[in-house]
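What follows is a short report on a single structure.
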Amino acid sequence: KKILIFSQTTQHSRELIAKYVKAYLTNWELKRVLSIIVDNATTNDVGVQYLKRRMLSWNCLVLKGEHVHMCCCEHILSLIVKDGLKEIKVSILKIQNVVKYVKSSPTRLARFKACVELKEISYKGFVCLDVKTKWN
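Here our numbering is used: the sequence shown runs in plain steps of one and ends on residue 137.
Set out below in structure tokens:
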């Protein structure tokens, strides 16, 4: 019913991950595990299946491990957004070029601001370029 740890390892071998999980279960005196959430890399499929077999032998899985392998929704959503952005890449590049053009000259920026006011366009911020690591 609670998230207990977000853990990152330097190596992704299935044996090492199983060792970490076993240590966490022992240290926290946990008896049951419902799920382990990982990103959807194919290497995780093999690792989680190995871990599931090990955890079945430890008799700690809820529902016999039916829901032990869960993919991280954020990672899947990120992949979907990246694919969607590829579809509109040409349009995005055109908009970015316009923003660069307007911001590269104080005169152009002033004229752009005047046009925005003339057309009574409401806005919260002003023209800026996106940051690839942020969506908002």
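A virtual CB, placed ideally from N, CA and C, is assigned to each residue, including glycine.
Keep in mind it's a predicted model, so treat the numbers as computed, not measured.
Contact under 9 Å by Cβ, residue i with residue j
i	j	result
Ser1	Tyr21	This structure cannot speak to residue 1, because the chain is shown only from 2 to 137.
Cys61	Leu31	yes
Gly48	Ile18	yes
Cys129	Val100	yes
Asn41	Leu94	no
Lys90	Arg55	no
Top-ranked residue by Cα proximity to residue i, from the options
i	options	result
Ile64	Cys73, Cys74, Lys53 and Lys114	Note that residue 64 is Leu in the sequence shown here, rather than Ile. Nearest of Cys73, Cys74, Lys53 and Lys114 to Leu64, Cα basis: Lys53.
Asp46	Ala24, Glu118, Arg15 and Val100	Arg15
Leu26	Trp59, Cys129, Lys114 and Thr44	Trp59
Gly126	Thr134, Lys114 and Leu119	Lys114
Thr10	Glu88, Cys116 and Val39	Val39
Val69	Val34, Glu121, Asn28 and Val117	Val34
Rounded straight-line distance, which links the Cα of residue j to that of residue i
i	j	result
Thr108	Asp131	22 Å
Met71	Ile6	15 Å
Ser92	His76	25 Å
Ser105	Ser123	23 Å
Leu86	Leu78	12 Å
Leu110	Leu119	14 Å
Thr44	Gln12	12 Å
Chain B within 9 Å of residue i, Cβ atoms only
i	result
Thr10	This model lacks chain B altogether, as it is built from one protein chain only.
Counterpart residues of residue i in DSSP-defined beta bridges
i	result
Val39	Cys72
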